[in-house]
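Novice:
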Amino acid sequence: MAKYTVITMPGDGIGNQVLPESIRVLKEVGFDAEYIHADIGWECWCNQGNALPDRTIELLTRHKLGLFGAITSKPNKEAQAELKPELRGKGYVYYSPIVTMRQRFNLDICMRPCIAFAGNPLNYIRKRADGGFDEPLVDTTVFRQGTEGMYCGVEWTNPPDNVRSALNTHPKFKAFAGIPGPELAVSLRIITKNAARRIVTAAFEYAKKRGFKGVTICEKPNVVRETSGMMEETAREVARNYPGIALWSTNIDAQLMWLNKNPEDYNVVVSSNLFGDILSDAFAGLVGGLGFAASGNIGDEVAVFEPTHGSAPKYAELNPPIVNPIAMILSAAMMLDHVGEHAKAERIRQAIAEVVREGRVRTYDMKRIPGGGKSISQGAASTIQMADAILEKLAKAVPVGAAR
Ligand code: NAI
Ligand code: MG
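Under numbering that gives the first Met the number 0, the sequence shown has 14 at position 15, and the numbering climbs by one with no breaks.
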């Protein structure tokens with residue numbers, strides 16, 4: 000029997016193209032695992048009225064480790080229109096299965112490393128006053144609270160009377176008191192102390208492990224006083240347990256400006272759900288974009304690893320596939336770290352680093368050419384060729400500690 004069982008959820012679109020490549024890589028490094036496929040995503044919604052089927056939940060509950068590709072999500076009206084005719088009008092509501100999965104299994108620690116590989120032509124560069132350029136290698140990991148905040152899902156258009164009455168008790172709501180219900184939409188931003196403490200602690204633990212000097216809490220407590228206030232206050236409390244590590248504080252708007260000026264100053268950034276989502280995409284843009292952005296959704300029991308990109312429908316039908324599998328492969332490496340297989344994870348990152356540094360094999364995004372049916376004829380590597388190049392490095396590499 001294999002040591003690990005991994006639930007593989009390729010999902011929609013390019014999720015089906017990149018996830019199998021990550022499994023080839025996991026096999027190459029000798030990860031002792033059995034893989035069980037589970038459905039998730041748009042087709043499940045259209046055919047069953049549920050984008051996260053019960054069998055998938057059961058498998059994750061039992062085996063606790065998941066690799067996820069990507070899903071397609073659409074706004075409510077489109078979701079209703081694409082539902083199988085016999086399911087329409089029966090009260091089915093579309094929820095993003097990844098958001099649901101995070102909440103269902105309390106995958107509250109969302110870890111998103113944005114770490115540059117030397118030689119990546121997509122890396123951030125900065126013009127100096129003397130006309131030259133600097134290319135500081137960005138090494139930032141965003142810790143995003145994964146289950147609550149703006150994505151907690153407590154929201155209404157035309158809130159029911161009892162909600163409206165409760166809102167009326169807040170002096171600031173007077174400005175909205177006369178708005179007709181159908182013209183009023185409310186999304187709640189909920190932060191709880193325990194979840195705030197957990198995400199900040201995860202960020203500090205990581206900073207300690209990597210030997211970083213500080214952690215940045217990125218919120219907006221001067222305006223969003225209660226929820227951002229609780230995040231920031233909790234960060235100050237947690238920081239007291241880590242005397243060697245400084246706590247810095249930035250506002251989300253200013254942080255997005257700073258990351259374009261001195262991204263190398265931010266190694267660990269912690270934030271609530273929506274801000275963390277934005278921050279992690281913004282930092283990912285400095286290290287190669289969505290083709291390089293990996294993530295882990297980690298709870299006490301279950302953990303699911305996924306690239307942060309979506310299903311990229313416009314590329315989903317291309318044969319051969321053209322998207323960059325590195326984000327997915329890096330997510331698989333994060334999974335290895337999570338189960339303690341650090342040497343295997345490090346071998347994968349080294350192999351990717353070599354392929355990127357050599358620059359012989361580059362997907363369309365790395366070539367900075369338009370994506371589409373012509374990318375390959377313009378010299379871009381396909382998804383599979385990129386994975387092959389990584390596999391080739393792994394096959395050649397001598398594992399750390401082995402005799403040559
Ligand atoms: P997306 O991430 O799917 O694609 C945006 C663009 O980024 C693509 O058109 C492509 O140019 C580029 N890109 C993405 N992944 C790439 C890769 N591996 N290699 C090279 N280039 C890559 O985001 P979009 O277009 O906003 O959303 C498409 C669908 O995906 C929507 O239905 C959306 O709701 C869903 N989505 C799902 C996510 C998830 O599964 N976690 C996350 C983000 C979006
Ligand atoms: Mg996002």
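Glycine included, C-beta positions come from ideal geometry on N, C-alpha and C.
#1: Determine the direct distance from the alpha carbon of ASP38 to that of ALA402, and round the result to whole angstroms.
#2: In this structure, does DSSP put PHE104 in helix, strand or coil?
#3: Can you pull the DSSP bridge partners for ASP133?
#4: Give every residue of the same chain whose Cβ lies closer than 7 angstroms to the Cβ of CYS151, excluding the five residues on either side of it in the sequence, and list them in chain order.
#5: Which residue comes first and which comes last in the beta strand (DSSP E) that contains GLU182?
#6: Could you tell me the distance, in whole angstroms, from the CA atom of ALA342 to the CA atom of GLU85?
#7: Can we count ASN426 as close to the ligand NAI, meaning its CB is less than 8 angstroms from some heavy atom?
#8: Where does GLU33 fall in DSSP's three states?
#9: In or out: ASN49 buried (at least 16 other Cβ within 10 Å) or exposed?
#10: Enumerated in chain order, which unbroken segments of the beta strand (DSSP E) with a length of 3 residues or greater are wholly contained in the region 170 to 232?
#11: For the beta strand (DSSP E) holding GLY68, just list the boundary residues, first then last.
#12: Once the 5 residues before and after LEU273 are set aside, which same chain residues still bring their CB inside 6 angstroms of it?
#13: Could you tell me how far apart the beta carbons of MET334 and LEU64 are, in whole angstroms, since I believe they sit closer than 8 angstroms?
#14: When you compare the CB of HIS169 with every CB in chain B, is at least one pair closer than 9 angstroms?
#15: Indicate whether the contact test is met: 3 or more Cβ pairs, each with one atom in the region 356 to 365 and one in the region 317 to 335, closer than 8 angstroms.
#16: Following the continuous beta strand (DSSP E) through VAL269, name the residue where it begins and the one where it ends.
#17: Exposed or buried, what is GLY90 when buried is set at 16 or more other beta-carbons lying within 10 Å of its beta-carbon?
#18: Would the beta-carbon of THR55 be found less than 8 angstroms away from any heavy atom of the ligand NAI?
#19: Measuring CB atoms only, is the region 372 to 387 touching the region 18 to 29, in the sense that at least three cross pairs come out at less than 8 angstroms?
#20: Grab the span of the alpha helix (DSSP H) containing THR382 for me, first residue to last.
#21: State whether the region 207 to 223 contacts the region 264 to 281, with contact taken as three or more CB pairs (one from each stretch) at a distance under 8 angstroms.
#22: Going by the DSSP bridge assignment, what does CYS109 pair with across the sheet?
#23: With respect to the beta strand (DSSP E) encompassing VAL303, which residues constitute its N-terminal and C-terminal limits?
#24: Just to confirm, are VAL141 and LEU285 a CB contact at a threshold of 9 angstroms?
#25: How far does the beta strand (DSSP E) with VAL5 in it extend, from its first residue to its last?
#26: Pull up the DSSP beta-bridge partners for ASN250, would you.
#27: Spatial neighbours of PHE67 within its chain, please: CB distance less than 6 angstroms, with the 5 preceding and 5 following residues excluded, ordered by chain position.
#28: Is the CB-CB distance between VAL355 and GLY118 below 9 angstroms?
#29: Return yes when the C-beta of GLY289 is under 8 angstroms from any heavy atom of the ligand NAI, and no when it is not.
#30: Measure the C-alpha to C-alpha separation of PHE175 and GLU182 and round it to an integer number of angstroms.
#31: Alpha carbons only, please: which of LEU121, ILE108 and THR233 is nearest the one belonging to TYR296?
Specialist: So, from the listed chains and residues:
#1: Looking up residue 402 in the sequence shown gives position 403. Looking up residue 38 in the sequence shown gives position 39. In this prediction, ALA402 scores a pLDDT of 49, lower than 50, which makes its location untrustworthy; the coordinate-derived value is nonetheless stated afterwards. Looking at the two C-alpha atoms, the distance is approximately 43 angstroms.
#2: The residue you call residue 104 lines up with position 105 of the sequence shown. Coil.
#3: Start at 1 with the first residue of the sequence shown, and residue 133 comes out as number 134. Secondary-structure assignment with DSSP links ASP133 through a beta bridge to ARG125.
#4: Stepping through the sequence shown from its first residue, residue 151 is reached at position 152. Short of 7 angstroms from the beta carbon of CYS151, and not among the five residues preceding or following it, lie these beta carbons of its own chain, in chain order: LEU187 and ILE189.
#5: Taking the first residue of the sequence shown as position 1, residue 182 is located at position 183. Here GLU182 belongs to no beta strand (DSSP E), and DSSP marks it neither H nor E.
#6: As a first step, residue 342 is located in the sequence shown; it is residue number 343 there, counting from the start. As a first step, residue 85 is located in the sequence shown; it is residue number 86 there, counting from the start. Answer to the nearest angstrom: the Cα atoms are 51 angstroms apart.
#7: The requested residue 426 is not part of the displayed model; the chain covers only 0 to 403.
#8: Translated into the one-based positions of the sequence shown, residue 33 becomes position 34. For GLU33, the three-state secondary structure derived from DSSP is strand.
#9: For this step, residue 49 is matched to residue 50 along the sequence shown. Buried: at least 16 other Cβ atoms inside 10 Å.
#10: Counting only runs of 3 or more residues that sit fully inside the region 170 to 232, the beta strand (DSSP E) segments are 184 to 186 and 213 to 218, in chain order.
#11: Reading the sequence shown from its first residue, position 69 is the one you call residue 68. First-last of the beta strand (DSSP E) with GLY68: 64 to 69.
#12: What you label residue 273 is simply residue 274 of the sequence shown in a count that begins at 1. Here the set comprises GLY148 and MET149.
#13: In the sequence shown, the residue the question calls residue 334 occupies position 335. In the sequence shown, the residue the question calls residue 64 occupies position 65. Correct: roughly 7 angstroms between the Cβ atoms.
#14: Of the protein chains in the structure, only one exists, and it is not chain B.
#15: With the cut-off at 8 angstroms, the region 356 to 365 and the region 317 to 335 touch.
#16: As a working note, residue 269 is residue 270 in the sequence shown. Unbroken beta strand (DSSP E) run through VAL269: 267 to 270.
#17: Numbered from its first residue, the sequence shown carries residue 90 at position 91. Exposed: under 16 other Cβ atoms inside 10 Å.
#18: Indexing the sequence shown from 1 puts residue 55 at position 56. No.
#19: They touch, by the three-pair rule.
#20: If you number the sequence shown from 1, residue 382 lands on position 383. That run of the alpha helix (DSSP H) goes 382 to 395.
#21: Taking a cut-off of 8 angstroms on C-beta distances, the region 207 to 223 touches the region 264 to 281, as three or more cross pairs fall below it.
#22: What you label residue 109 is simply residue 110 of the sequence shown in a count that begins at 1. Bridge partners of CYS109: ARG143 and ASN296.
#23: Residue 303 sits at position 304 when you count from the first residue of the sequence shown. Per DSSP, VAL303 belongs to the beta strand (DSSP E) from 302 to 306.
#24: As a position in the sequence shown, residue 141 is number 142, starting the count at 1. As a position in the sequence shown, residue 285 is number 286, starting the count at 1. Cβ atoms of VAL141 and LEU285: not closer than 9 angstroms.
#25: As a first step, residue 5 must be located in the sequence shown, where it is residue number 6. From DSSP, the beta strand (DSSP E) with VAL5 extends over 3 to 10.
#26: For the purposes of this step, residue 250 is taken as residue 251 along the sequence shown, with counting starting at 1. DSSP lists GLU218 as partners of ASN250.
#27: Here residue 67 refers to the residue found at position 68 when the sequence shown is read from its first residue. So the list reads MET8, VAL303 and GLU305, once near-sequence residues are dropped.
#28: Within the sequence shown, numbered from 1, the residue matching residue 355 stands at position 356. Within the sequence shown, numbered from 1, the residue matching residue 118 stands at position 119. Yes; because the gap between Cβ atoms is below 9 angstroms, this pair is in contact.
#29: The residue you call residue 289 lines up with position 290 of the sequence shown. For the record, residue 289 in the displayed sequence is Leu; it is not Gly. Yes, since a heavy atom of the ligand NAI falls inside the 8 angstroms radius drawn around the Cβ of LEU289.
#30: As a position in the sequence shown, residue 175 is number 176, starting the count at 1. As a position in the sequence shown, residue 182 is number 183, starting the count at 1. Rounded to whole angstroms, PHE175 to GLU182 spans 10 angstroms at the Cα level.
#31: The residue labelled residue 296 in the question sits at position 297 within the sequence shown. Contrary to the premise, residue 296 reads as Asn rather than Tyr in this sequence. Ranking LEU121, ILE108 and THR233 by Cα distance to ASN296 puts ILE108 first.
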